[in-house]
Amino acid sequence: MSLFLVALLPFLGALLPGLMNSAGRQACAGVTGAVTGAALIGLLTNAPAVFAGQVVTARIEWLPSIGMNVNLMLDPLGFFFACLILGIGLLIIAYARFYLSRDDNMGEFFTYLLLFQGAMVGIVLSDNILLLLVFWELTSLSSFLLIGYWKHLPEGRQGARMALTVTGMGGLALIGGMLILGQIAGSYDLSVILERRDVIQASPLYVPALLLILLGCFTKSAQFPFHFWLPHAMAAPTPVSAYLHSATMVKAGIFLMARLWPVLSGTPEWFMIVTGAGLITMVLGAVIALFKHDLKALLAFSTVSHLGLITMLLGTGTPFGVLAAMFHILNHATFKAALFMSAGIIDHAVHTRDIRRLGGLRRLMPITFVIATLGALSMAGIPLLNGFLSKEMMLEETLKTALFGSPWLVPVLAVVGSLFSAAYSFRLIGHTFLGPVRDDYPDAPHDPGPGLWLPPALLIVPVVAIGVAPFLAEPFIKLVTQAVLGSTAETPYAHFKIWHGLVPALWMSVIAVTGALVLLALHAPAQRLWDAAPRPEAKAIFDRIIDGAVTAARTLVQPLHDGAFTRYGAIMAVTVIAAGLHAWLTGAVGPAQYAMLPIGPLSVAAWLMLAAATGGLVFLHRNRLLSLILLGIVGLMVSIGFVYFSAPDLALTQFTVEVVTTILMLLALNFLPNTTPIESTVLRRTRDAAIAVAGGLGAMAIAYYYLLRDPVAESISAFHLANSYKGGGGTNVVNVILVDFRGFDTFGEIIVLGIAALLIYALTEALLDGPVRARLLNRKPDQPRGGDIHPLMMVVLTRVIMPVVLMVGFYVFLRGHNEPGGGFIAGLIVSIAVVMQYMASGFSWASARLRYPYHGVIGTGVLIAGLTGMGSWFFAKPFLTSDFVYVRIPPFEKFELATAALFDLGVFFAVVGAVMLSLESFSRLARRAHVPDSDHPMDIDPSRENPEQAVTAKSHTAKEV
Amino acid sequence: MELLVASAIGILTAAGIYLVQRLRTFPVIIGVSLLTYAVNVFLFASGRLAIGAPPILSDAQTYTDPLPQALVLTAIVISFGMTAVVVMIALGAYLGADDDHVNDPADSSDTDPEAAK
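Protein sequence lines, in the order shown, are assigned to chains A and B. Per the working numbering, residue 1237 is the first one in the first sequence, and the count goes up by one each step. Per the working numbering, residue 1353 is the first one in the second sequence, and the count goes up by one each step.
Written out as structure tokens, the structure reads:
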């Protein structure tokens, strides 16, 4: 099966559990298992090639310009990890099916699990490090969802946030490190990077890259000092702990260290940091684990310790260290996942995980006892189990490792780590299963059904099999080791066997196990000593750091961002003014290149009106209706300015938009207060005025200077003027630009306009469904209503004028390509014609005659424009390539047929629909608040038999006027 | 003439900035409208001022710059859409809370419920 499919299957499959949720738990788990199983089978079909020494690849170019491609590769290392992820994943899914209770949303759980699984498979199959980073972040996100799955538990939420914070920060560091690495190597493809060992290690950027990458790996794999998040992540359901925190996610950091081993390892920096951190983590984790009472916490710290062990082995930089590390990854994944599942079984049956409340379970839960004991003994490193073999190899490796010039430091610490490791393993067995049967269990202990014990039992099979017959795993582990080493070294010649003779490593093992038994006997006093000893609590430190960061962020952001819109406005204005001032003071201004145009009396008059209206707005804005009128004057003056300065299209647009904006504002003012009260102090108003005057002066200065000088770069306008007729077939260059040269822009803009209208519609609907509805119904109009809301004269006039306006709209639309006009303007004109009907004859009368809903009109417009654009595909041209012909049908004049006109039709419909939908939404609010609307177009209609009837409801308001 | 246009832009901008800093929604909306005029006129003017030279191809020798006009034309229509949305939001806020202040009340700081525990 293609690697793409293997990586993609879990993501695609993530859609299924949610869909199957209502089909029952069995179906839900079944479909998840089927997806994982299919991916596993797909992976295994590649096994023959991998074992034959080939590297299976699959490539798609995604963003080749920045070196980001979907390149997947499968070598023995990736194959090894992918098998662990998918294989253990399958067992976890079976286990989770029986573990989750009926109250848990199983579809949600399995969706997250598959997302996580896909991301992990993606990491181990990626050949491109940028792609790897994407998957890396995805594992952080999906594990956040999984850890916080029990949303009702505060520990779950806090643990999930802590994990996300730590691994997310590490992820950011990793991005930086990987980018540096890619820069040094000159490629983002792993297969290329792995060949550039000398270049990378010689680069001055090697150390920063190494530090950043290791930060990412250490946070992910819970290495000291970032180990603290892992135990807190144990608030997750046990299947998650077993999957993420034993076999997969925490191994991602290890995987990456192994993957990049050929290029990063072997330097003193690598050795000191990786071995040092691994060693500390190993000992620290093991010591803490011994004194934890929660089974899962014990296992969590033991995981931390074992991850430290693997890290330390990778740090040594020798091929034998890598061999031991790879072997231990396999062994740890098997026995630790089984142990986690056993802890889950005990929790499930006895309803506690506290070791102090357990004991004597061996008779009550014999199956669990066998599974857990074998797992724990393997963890302790007892012969005939797989943990023993890799631990021996580890001890042997430490004897050859000298840290800080001391040949004793590493072996001694390794023995201490092993000693505590054996001790907590013995404690797990002894204090949980051995001893007398108690009578105060929270619940009656019993062995679970096979659904719960079979998955861990299957994992114990390799634990014993490899332990007894190590040669089974040897060829595969050596293959993986060779994949890690790449071309840098040969796989060490060492046989996996139980009996090596009386070598030092065996004596070290014996010391560790004996010491562990002594320590277990002394556990009670040791525990008292431990509890009495002061030690830093990682969570408290973490919380303090987070609180500090939050406080720092608040002090920085609050003064700027305190929820006061006026403040943002002021800050932004001041910033822009300051930037402009800086540019003005530091830049140079050339001499004026143009003479000023002469000023005529008419233009002075228009300027005076504009200035007066704007000034009036500032001083009279508290009277809202008046300010609306003044705003209309400003708009009108701007339109006149457009006419004067040779922009007829703009003038037409501005003028029609002015009409609809005013209607819109009037509809809104119907509800808003009529006046604005004086609230700000004189000082504040002075301050605002100062900012405003500075801003105005700045805008004036930049406009004035710019208007008399040439721009720094040549404008592209000449092209448009030259090609408008030749290429676009129209003489109105503005319209040709809109529908042809920059048609794609226009297409986007009509979509935006449509979205804005739909947003307004949706907001209205939301308002009318909520508590606002009742308020509107009870609302008393604050102004006296007119007695004759729909006057006869206006109704008759608007109806007479309707066809005329439509004809004008049609005419403006048709001439648009060659003369001022076009879809935008025609759309606005037709909207005004329709709005007039609403205003004159009333909302219900007009809506009753509405054939096509406005949503549909918007959609039609966008569709017509889009389909016109796509039409050019049939002629193998890019989207929105236009064409035109001139035809002549006698007896008419020769005329033009252009695809651009069809596009303009789309613009027209979109504009009509958007404007009408917005205005209609506003008037729906108004309608809700009013006294019942009349179904008749006119309040007083002589043609009706009882002309007064319709207005009885309004007559009393009429009298008040 | 350029001075007139530039000063008109300045006046519109100044009035816009002042009104945007008022405390109620309606003057803020008026202020944003004024700023829209100012920006549109500025963009339009960046194609230079020309009298009697519309960009309609004919026998004329000179035409004004058509590109800013095309940009401003769509900007006018879009700004209508944006004004409508902002007015709707203002209206919804006023109808929902009976309050048309633009600033958050001082006491509603966004404290983290988790941290408060």
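Glycine is no exception: its CB is placed at the ideal position from the N, C-alpha and C atoms. Given the structure is predicted, the values throughout are model-derived calculations rather than measurements.
Nearest candidate by alpha-carbon position, reference residue i, set the options
i	options	result
residue 2062(A)	2075(A), 2078(A), 2076(A), 2043(A)	2043(A)
residue 1831(A)	1944(A), 1893(A), 1743(A), 1800(A)	1944(A)
residue 1763(A)	1900(A), 1877(A), 1526(A), 1698(A)	1526(A)
residue 2220(A)	1283(A), 1332(A), 1323(A)	Summary: the structure shown does not reach residue 2220(A), with chain A confined to residues 1237 through 2197, and so no result is reported for it.
residue 2053(A)	2031(A), 2007(A), 2103(A), 2131(A)	2131(A)
residue 1435(B)	2151(A), 1653(A), 2088(A)	2151(A)
residue 1724(A)	1988(A), 1337(A), 1494(A), 1395(A)	1494(A)
residue 2144(A)	2101(A), 1648(A), 1912(A)	2101(A)
residue 1578(A)	1562(A), 1487(A), 1610(A)	1610(A)
residue 2089(A)	1448(A), 1269(A), 2149(A), 1334(A)	2149(A)
residue 1532(A)	1459(A), 1588(A), 2026(A), 1570(A)	1588(A)
residue 1979(A)	2098(A), 1633(A), 1594(A), 1397(A)	2098(A)
residue 1481(A)	1568(A), 1436(A), 1261(A)	1568(A)
residue 1728(A)	1718(A), 1735(A), 1734(A)	1718(A)
residue 1536(A)	1572(A), 1307(A), 1632(A), 1858(A)	1572(A)
residue 1820(A)	1988(A), 1935(A), 1400(A)	1935(A)
residue 1402(A)	1433(A), 1369(A), 1468(A)	1468(A)
residue 1669(A)	1470(A), 1416(A), 1683(A)	1683(A)
Nearest-angstrom beta carbon gap, residue j and residue i [assumed within contact, 8 Å]
i	j	result
residue 1510(A)	residue 1550(A)	6 Å
residue 1401(B)	residue 1372(B)	That pair is no contact at about 27 Å.
residue 2064(A)	residue 1889(A)	7 Å
residue 1621(A)	residue 1739(A)	The Cβ separation is near 19 Å, so there is no contact.
residue 2049(A)	residue 2059(A)	6 Å
residue 1497(A)	residue 1720(A)	5 Å
residue 1807(A)	residue 1817(A)	Their Cβ separation, rounded to whole angstroms, is 15 Å, which puts residue 1807(A) and residue 1817(A) out of contact at 8 Å.
residue 1312(A)	residue 1271(A)	Not confirmed; about 25 Å, so no contact.
residue 1555(A)	residue 1710(A)	About 15 Å; that fails the 8 Å criterion.
residue 1384(B)	residue 1886(A)	Contact flag wrong, Cβ pair sits at about 20 Å.
residue 1330(A)	residue 1357(A)	19 Å between Cβ atoms; not a contact.
CB contact flag (residue i, residue j, <8 Å)
i	j	result
residue 2079(A)	residue 2159(A)	yes
residue 1343(A)	residue 1246(A)	no
residue 1524(A)	residue 1688(A)	no
residue 1591(A)	residue 1542(A)	no
residue 1756(A)	residue 1663(A)	yes
residue 1353(B)	residue 1833(A)	yes
residue 1407(B)	residue 1969(A)	yes
residue 1635(A)	residue 1748(A)	no
residue 1505(A)	residue 1430(A)	no
residue 1361(B)	residue 1867(A)	no
residue 2206(A)	residue 1849(A)	Lying before the first or after the last residue shown, residue 2206(A) is absent from chain A, which here runs from 1237 to 2197.
residue 1539(A)	residue 1476(A)	no
Backbone secondary structure at residue i - three-state DSSP
i	result
residue 1830(A)	coil
residue 1839(A)	helix
residue 1417(B)	coil
residue 1298(A)	strand
residue 1455(B)	coil
residue 2049(A)	helix
residue 1578(A)	helix
residue 1916(A)	coil
residue 2132(A)	strand
residue 1911(A)	strand
residue 1359(B)	helix
residue 1353(B)	coil
Identify each residue in the segment 1879-1902 of chain A for which the Cβ-Cβ distance to at least one residue of chain B is less than 8 Å, and report them in chain order. Here the close residues are 1880, 1881, 1882, 1883, 1884, 1885, 1886, 1889, 1890, 1893, 1896, 1897, 1900, 1901.
Members of the segment 1413-1427 of chain B near chain A, C-beta cut-off 7 Å: If the cut-off is 7 Å between Cβ atoms, the segment 1413-1427 of chain B has 1415, 1416, 1417, 1418, 1419, 1421, 1422, 1424, 1425, 1426 near chain A.
Can you list, in chain order, the residues of the segment 1828-1849 of chain A whose Cβ is nearer than 9 Å to any Cβ on chain B? For the segment 1828-1849 of chain A, the residues whose beta carbon sits under 9 Å from a beta carbon of chain B are, in order, 1830, 1832, 1833, 1834, 1835, 1836, 1839, 1840, 1842, 1843, 1846, 1847.
Give me the subset of the segment 1360-1372 of chain B whose CB atoms are less than 9 Å from a CB atom of chain A, sorted by chain position. Of all residues in the segment 1360-1372 of chain B, those with a C-beta nearer than 9 Å to a C-beta of chain A are 1360, 1361, 1362, 1363, 1364, 1365, 1366, 1367, 1368, 1369, 1370, 1371, 1372, reading in chain order.
Residues of the segment 2060-2075 of chain A with a CB closer than 9 Å to any CB of chain B: list them in chain order, please. Listed by position along the chain: 2060, 2061, 2063, 2064.
Chain-ordered residues of the segment 1927-1947 of chain A with a beta carbon less than 7 Å from chain B: Flagged, chain order: 1927, 1928, 1929, 1931, 1932, 1933, 1935, 1936, 1939, 1940, 1942, 1943, 1944.
Taking beta-carbon pairs under 7 Å, can you tell me which members of the segment 1309-1339 of chain A lie near chain B? The segment 1309-1339 of chain A vs chain B, Cβ under 7 Å: nothing.
Residues in the segment 1385-1415 of chain B having any Cβ partner in chain A nearer than 8 Å: Taking 8 Å as the Cβ-Cβ cut-off, the segment 1385-1415 of chain B approaches chain A at 1385, 1386, 1389, 1390, 1392, 1393, 1394, 1396, 1397, 1398, 1399, 1400, 1401, 1402, 1403, 1404, 1405, 1406, 1407, 1408, 1409, 1410, 1415, given in chain order.
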